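Be aware that the sequence shown starts at 1, since it is given in the UniProt record's numbering, and climbs by one per residue. Just so you know, even glycine gets a beta-carbon here, dropped at the ideal spot from N, CA and C. Small disclaimer: the values here were computed from a predicted structure and weren't measured.
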Amino acid sequence: MSKAMRYQQHLYNGTRDELVEAVHQQLRDKRFNHCLRVEQTAIQLAEENGVDLEKASIAGLVHDYAKERSDEAFIGMIKKHQMDPDLLNWGNAIWHGIVGAEFIHDELGIEDEDILNAVRFHTTGAVEMSPLAQIVYMADYIEPERDFDGVDEARRITHKDLRAGVAFQTKHTMLYLAEKNAPIYPATLLTFNRWVAQKQMKYNY
Numbered sequence: 001m002s003k004a005m006r007y008q009q010h011l012y013n014g015t016r017d018e019l020v021e022a023v024h025q026q027l028r029d030k031r032f033n034h035c036l037r038v039e040q041t042a043i044q045l046a047e048e049n050g051v052d053l054e055k056a057s058i059a060g061l062v063h064d065y066a067k068e069r070s071d072e073a074f075i076g077m078i079k080k081h082q083m084d085p086d087l088l089n090w091g092n093a094i095w096h097g098i099v100g101a102e103f104i105h106d107e108l109g110i111e112d113e114d115i116l117n118a119v120r121f122h123t124t125g126a127v128e129m130s131p132l133a134q135i136v137y138m139a140d141y142i143e144p145e146r147d148f149d150g151v152d153e154a155r156r157i158t159h160k161d162l163r164a165g166v167a168f169q170t171k172h173t174m175l176y177l178a179e180k181n182a183p184i185y186p187a188t189l190l191t192f193n194r195w196v197a198q199k200q201m202k203y204n205y
């Protein structure tokens, strides 16, 4: 049974049910149901790691809020907020997190930077990620209907050690992109160096 909660911290100006409805209005059912599963996984990880449950619920629900916006909408938001011009060279896979946080801020009135950063970083990672950002990064990766080689190992590692889960996902994402000869967003390279490679760097000189 899913875990719902009463929002009491005024991080979102409404109830959880109202936020669920606001998210559902932006997404097709398949994507929306994924957001519900990410929310529940995020709450579980928050319980395991002593992180605020309300923030985990909100960040999990809204992490893909902007996923189905048009390219034109994203480009308009990048220009409106005078964001890094390099973002124009990328696409939805990057935009829906980094730029999506601006839609969440502007349309849902969510201003908590920890929640917004968790959305910004949930696909690219970041050199510095708060425990909440780590949780959303991993909840999106291991939610119950994810089915890829290594997902059970990712779940086991993450529930044992959240930071080790972040390293696992980052490494495997890099391998996946490299095998596809796909471009790698600069922040993801920096995430890899910080979370995966740093422990090995002292042996490389």
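(message) For residue 163 and residue 198, I'd like the C-alpha separation in whole angstroms.
(response) 13 Å
(request) Give, in chain order, every unbroken run of the alpha helix (DSSP H) that is at least 4 residues long and sits entirely within the segment 140-197. (result) 151-160, 162-179, 186-192
(message) If I follow the unbroken alpha helix (DSSP H) through residue 57, where does it start and stop?
(response) 53-62
(request) Tell me whether residue 175 is buried or exposed, calling it buried when 16 or more other Cβ atoms sit within 10 Å of its Cβ. (result) exposed
(request) Would you mind sorting residue 96 into buried or exposed? The rule is 16 or more other CB atoms within 10 Å of its CB. (result) buried
(request) Consult DSSP for residue 5 and reduce its assignment to one of helix, strand or coil. (result) coil
(request) Using alpha carbons as the reference points, say which of 135, 125, 41 lies closest to residue 172. (result) 125
(request) Just tell me which of 129, 68, 52 has its CA closest to the CA of residue 99. (result) 68
(request) Take every Cβ of the segment 114-133, pair it with every Cβ of the segment 151-161, and state whether three or more of those distances are shorter than 8 Å. (result) no
(request) Note down, in chain order, each residue of its chain lying with its Cβ closer than 7 Å to the Cβ of residue 101, except the 5 sequence neighbours on either side. (result) 116, 119, 120
(request) Kindly indicate which three-state DSSP category residue 20 falls into: helix, strand or coil? (result) helix
(message) Could you check whether residue 195 and residue 166 sit closer than 7 Å to each other, using their CB atoms as the reference points?
(response) yes
(message) Using the Cβ count rule (16 or more neighbours within 10 Å means buried), how would you classify residue 148?
(response) exposed
(request) Kindly list the residues whose CB is nearer than 7 Å to the CB of residue 141, restricted to its own chain and excluding five residues on each side of it in sequence; keep chain order. (result) 154, 169
(message) For the alpha helix (DSSP H) containing residue 80, name the first residue and the last one.
(response) 71-80
(message) Tell me the residue span of the alpha helix (DSSP H) that contains residue 88.
(response) Element bounds for residue 88: n/a, residue is neither H nor E.
(message) Assuming contact is defined by CB atoms lying nearer than 7 Å, are residue 135 and residue 22 in contact in what I supplied?
(response) no
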